[in-house]
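Read through the structure below, which is laid out as structure tokens, and then see the notes.
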Amino acid sequence: MSAPPTGPRRRRLFFAVTPPPGARADLDRALAPLRVAPGAPGWTPPERWHLTLLFLGGVPAGDVPALVAGAGPAVAATPPLSLRLAGGGRFGSRRRPQVCWAGVTGDADVLGGLAGRLAGVARELRLPVEDRPFRAHLTLGRWRPGRPADGALPDRLVGYRGPSWPVTEVELLESHLGTPVRYERVAAWPVG
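Using the UniProt record's numbering, you'd call the opening residue of the sequence shown number 1 and step up by one each time.
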């Protein structure tokens, strides 16, 4: 029998925008030939695709109500916006790629402003926030260290342009680690 956890419970939370089913299906079709390519990453299932606006990691459970309350006005200040999944790229070098992603076009600057406001809410609550510029992307897969990796694979998405779609809501999700990773909705706010 294991000992009970000590200290306050922490929740792995993040703010996200989820593309609608049609946009995900279109990108999934475009990825079909890449999925079986040698050196491909471990692909994330389309039903788990989302655009992370702010990852917060371990948030003390007692801070969640204040985070939810503060996020409402931050999202309400966002004008209507539409996005499109377009192009692709990787994090990491071509020789040692780490993450394969799809790009985001459209009102990406408005989305960046929203991400900045949400980071401001988290900072007011003294939650740790990464100090790097927001870069809108959708993670498609991850390469595992020590396995064959084709870092040029994302280049095949350069000409991809998915359908444009209106962003209707922002979600606060909790990530539950395991196989597979599972996301649970904590709260959501309408956009525009």
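All C-beta atoms, glycine included, are put in the ideal place defined by N, C-alpha and C.
1. By Cβ distance below 6 Å, which residues in the same chain neighbour Arg161 in space, the five residues on each side in sequence not counted?
2. Distance, Cα to Cα, Pro5 vs Ser175?
3. Shortest alpha-carbon distance to Arg147 belongs to which of Asp109, Leu138, Leu127, Pro41?
4. Relative to the alpha-carbon of Trp165, which residue among Pro73, Arg11, Thr18, Asp150 has its alpha-carbon at the smallest distance?
5. Per DSSP, what kind of secondary structure is Gly146 in: helix, strand or coil?
6. Can you check whether the CB of Gln98 is closer than 8 Å to the CB of Arg142?
7. Does Arg48 come out as helix, strand or coil in the three-state DSSP assignment?
8. Write down every uninterrupted run of the alpha helix (DSSP H) in the UniProt domain "Phosphoesterase HXTX" (18-101) whose length is 4 residues or greater and which is fully enclosed by it, in chain order.
9. Measure from the alpha carbon of Pro180 to the alpha carbon of each residue in Asp131, Pro46, Leu51, then state which is nearest.
Let me spell this out:
1. Taken in chain order, the residues that qualify are Ala86.
2. Low confidence applies here, because Pro5 scores a pLDDT of 44, under 50, leaving its location unreliable; read the following figure in that light. C-alpha separation (whole angstroms): 18 Å.
3. Pro41
4. Thr18
5. DSSP places Gly146 in coil when its eight states are reduced to three.
6. yes
7. In the structure shown, Arg48 sits in a helix (DSSP, three-state: H, G or I).
8. 21-35, 64-76
9. Pro46
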